[in-house]
Amino acid sequence: EDQVTQSPEALRLQEGESSSLNCSYTVSGLRGLFWYRQDPGKGPEFLFTLYSAGEEKEKERLKATLTKKESFLHITAPKPEDSATYLCAFAAGGGADGLTFGKGTHLIIQP
Amino acid sequence: KAGVTQTPRYLIKTRGQQVTLSCSPISGHRSVSWYQQTPGQGLQFLFEYFSETQRNKGNFPGRFSGRQFSNSRSEMNVSTLELGDSALYLCASSRGTGDWQPQHFGDGTRLSIL
Numbered sequence: 037e038d039q040v041t042q043s044p045e046a047l048r049l050q051e052g053e054s055s056s057l058n059c060s061y062t063v064s065g066l067r068g069l070f071w072y073r074q075d076p077g078k079g080p081e082f083l084f085t086l087y088s089a090g091e092e093k094e095k096e097r098l099k100a101t102l103t104k105k106e107s108f109l110h111i112t113a114p115k116p117e118d119s120a121t122y123l124c125a126f127a128a129g130g131g132a133d134g135l136t137f138g139k140g141t142h143l144i145i146q147p
Numbered sequence: 095k096a097g098v099t100q101t102p103r104y105l106i107k108t109r110g111q112q113v114t115l116s117c118s119p120i121s122g123h124r125s126v127s128w129y130q131q132t133p134g135q136g137l138q139f140l141f142e143y144f145s146e147t148q149r150n151k152g153n154f155p156g157r158f159s160g161r162q163f164s165n166s167r168s169e170m171n172v173s174t175l176e177l178g179d180s181a182l183y184l185c186a187s188s189r190g191t192g193d194w195q196p197q198h199f200g201d202g203t204r205l206s207i208l
């Protein structure tokens, strides 16, 4: 069964303290791995798409990487405005059942 | 460029009623997908429409239905509402179907069932 697990569920960091969020997935025929950010009361905001193992994407303090079993979202020198829930999701070939989302990592950056 | 617009933002209904939610995609986007978000289950795929045709459907009962119009706007309908239908309903649009372009989400409709 296709599934995705995110860890940790919650993470509290000091401003400037770098860390990584994990997204482990099991899927037959990965078509794409997506990272989103969701703020309270808002819809998910698209961050990155990764299509194949070894691919990396960067945007400001965020860097996403992909292996055959996991994706990581690295956050370098985070600021309080980076506080949000980070969601990963995959699109699988064959069934085409929309995006399958993880439960998310709730990130808090303390000043 | 305007984003995905969902109306209404908040809705309160009672059990047994029905409800219709609306979604206007980003201009030029032809695919619209709907998701249900709850604290326990997270985001779950409901269905996808492309060129007025339902292309994919998630594992939800037939009480959940939708449609898409020629201008790509979409509506979702839930009949015979149950308490468990209380959730945030999110609409997402993308340029096409099957090409795995990123889906862009609206801010959702918060549905509360009393």
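Residue numbers (the numbering used here), protein chains in the order written: chain A, 37 to 147; chain B, 95 to 208. Beta carbons are placed, not taken as given, at the ideal position from N, Cα and C, and that holds for glycine.
The beta carbons of Ile144 of chain A and Glu117 of chain A sit no closer together than 9 Å. Here the alpha carbon of Gly140 of chain A sits roughly 33 Å from the alpha carbon of Asn165 of chain B. Taking 7 Å as the upper bound on Cβ-Cβ separation, chain B lies near residues Phe82, Thr85 of the segment 82-94 of chain A. Closest by C-alpha distance to His110 of chain A, out of A:Glu37, A:Gly52, A:Val40, is A:Gly52. Residue-level contact check: Gly77 of chain A touches chain B, since one or more beta carbons of chain B fall below 9 Å from its beta carbon. DSSP places Gly136 of chain B inside the beta strand (DSSP E), whose first and last residues are 136-144. Inside the segment 42-95 of chain A, DSSP marks whole beta strand (DSSP E) runs of 3 or more residues at positions 46-50, 55-62, 66-74, 81-86, 92-95, from first to last along the chain.
Leaving aside the five residues that flank Ser159 of chain B on each side, the residues in its chain whose CB is nearer than 7 Å to its CB run, in chain order, Asn171. When DSSP reads this structure, Leu175 of chain B sits in no beta bridge, so it has no partner.
In the three-state reduction of the DSSP assignment, Glu37 of chain A falls in the coil class, being assigned neither a helical nor a strand state. When rounded, the separation of the alpha-carbon atoms in Ala186 of chain B and Ala113 of chain A is 31 Å.
The beta-carbon separation of Thr114 of chain B and Glu169 of chain B, rounded to 6 Å, stays under the 8 Å limit for a contact. The Cβ of Asn171 of chain B sits no closer than 9 Å to any Cβ of chain A.
Neighbours of Ala127 of chain A in chain B, taken as residues whose beta carbon is under 7 Å from its own, are Trp194 in chain order.
Annotation for Phe137 of chain A: Leu123, Ala125 place their beta carbon closer than 6 Å to its own, counting only its chain and skipping 5 residues before and after.
Sequence-distant partners of Glu91 of chain A (beyond 5 residues in either direction) whose C-beta falls short of 7 Å from its own C-beta, in its chain, are Leu102. Straight-line spacing of the CA atoms in Leu177 of chain B and Pro133 of chain B works out to 14 Å. Around the beta carbon of Ile106 of chain B, fewer than 16 other beta carbons lie within 10 angstroms, which makes this residue exposed.
Inclusion of Ser188 of chain B and Ser127 of chain B in the CB contact set at 9 Å is warranted, their separation being smaller than that value.
The C-beta of Tyr143 of chain B comes no closer than 9 Å to any C-beta of chain A.
Annotation: the continuous beta strand (DSSP E) that includes Val113 of chain B extends over 113-118. Comparing alpha-carbon positions, the option among B:Thr101, B:His198, B:Leu184 lying closest to His123 of chain B turns out to be B:His198.
Against chain B, a Cβ distance below 8 Å from Lys139 of chain A picks out Gly136.
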